[in-house]
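A.B. asks: Residue numbers (this note's numbering): 84 to 357.
1) Are there 16 or more other CB atoms within 10 angstroms of the CB of residue 358, so buried, or fewer, so exposed?
2) Please give the ranges of any alpha helix (DSSP H) in the region 192-252, keeping only runs that are unbroken, at least 4 residues long and fully inside the region.
3) Assuming residue 269 contacts residue 283 (C-beta within less than 8 Å), just tell me the rounded distance between them.
4) Kindly indicate which three-state DSSP category residue 103 falls into: helix, strand or coil?
5) Measure how close the beta-carbons of residue 267 and residue 202 come, nearest whole angstrom, since I'm counting them as under 8 Å.
6) Can you check which of these residues, 189, 178, 193, is closest to residue 221 by C-alpha distance?
7) Let's see if you can read the secondary structure: which residues bound the beta strand (DSSP E) around residue 179?
8) Figure out for me which residue from 165, 102, 287 has the closest Cα to the Cα of residue 245.
9) Assign residue 267 to one of three DSSP states: helix, strand, or coil.
10) Below 8 Å on the Cβ atoms is my contact criterion, and I expect residue 207 with residue 173 to pass it. Report the Cβ-Cβ distance as a whole number of Å.
11) Are residue 252 and residue 130 close, meaning C-beta to C-beta below 8 Å?
12) With DSSP as the reference, please indicate the residues paired to residue 282 in a beta bridge.
13) From what residue to what residue does the beta strand (DSSP E) around residue 258 run?
14) Relative to the C-alpha of residue 161, which candidate in 132, 144, 128, 186 has its C-alpha closest?
15) Identify which residue in 228, 136, 158, 97 has its Cα closest to the Cα of residue 176.
16) Beta-carbon separation of residue 90 and residue 136 under 8 Å?
17) Where do the N-terminal and C-terminal ends of the alpha helix (DSSP H) with residue 136 fall, by residue?
18) Among the candidates 210, 151, 187, 271, whose CA atom is the shortest distance from the CA of residue 333?
19) Does the separation of the CB atoms of residue 142 and residue 156 fall below 8 Å?
20) Taking residue 129 as part of the alpha helix (DSSP H), name the residues at either end of that continuous run.
21) Taking buried to mean at least 16 other C-beta atoms within 10 Å of its own C-beta, is residue 329 buried or exposed?
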């Protein structure tokens, strides 16, 4: 979907109202309004300020209204990752604490696909990921898990990933960021060294198994050769039984028609998603 020029202004307006009683965060919002440029998207994302928190919350909760306003920022992040795309194979690591229910789901998903609905922050340093993990508190309700992820840039049709150290707010971290929407195969899961270890492998949409999944989605839910549109996102949500979210999508479509006219909105049907 093409981000509208007003998306940034609307996002800033909402954030200024949201943080009106937080002078520290409000100052960062105002700095963003004044200084943001597209080729600094990664720097702003890794700053872990309001952008990082609100975007990840919107992705986690599928907050449609907020995600619409974040379109320009997601597009800028993707474009930067494409420019910095790694040219060599990488093995990266991510330490995380997950619920027992999530662990049980993983146990029954070996050999299956996992889709990431957020940006995946990883490290090339296994010891650093383990150190973070061991400092996290485990309990009867949650478990520590180390994701060991193999990334191959030679695969066709993958989402971009890159070592963003030189473009990060924190330049002392060897961070590899993986684009949201990436699909992985869960290769193995085992318990060792007091943590669970999950081996993931980035998948291509040309892979025999994943291609069938992609083709089904495209054929069933209307994603054309150039990607899905606002309309087909609504169709997808409706067919998944997410009726309220589908209605939200269509209401946003009508709002865009009222603001920008029919032709600009219709032209959006033919462009790629974020």
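Glycine is no exception: its CB is placed at the ideal position from the N, C-alpha and C atoms.
C.D. replies: So, from the data block:
1) Nothing can be reported for residue 358, as the shown portion of the chain is limited to 84 through 357.
2) 209-217
3) So it is a contact: roughly 6 Å between Cβ atoms.
4) It is coil, neither helix nor strand.
5) Wrong, their Cβ atoms sit about 14 Å apart, outside the cutoff.
6) 178
7) 173-182
8) Out of 165, 102, 287, the CA that lies nearest to the CA of residue 245 is found in 165.
9) In this structure, residue 267 counts as strand in the three-state DSSP scheme.
10) Sure, about 7 Å apart at Cβ, within 8 Å.
11) yes
12) 231, 271
13) 258-261
14) 128
15) 228
16) no
17) 133-144
18) 151
19) no
20) 124-129
21) buried
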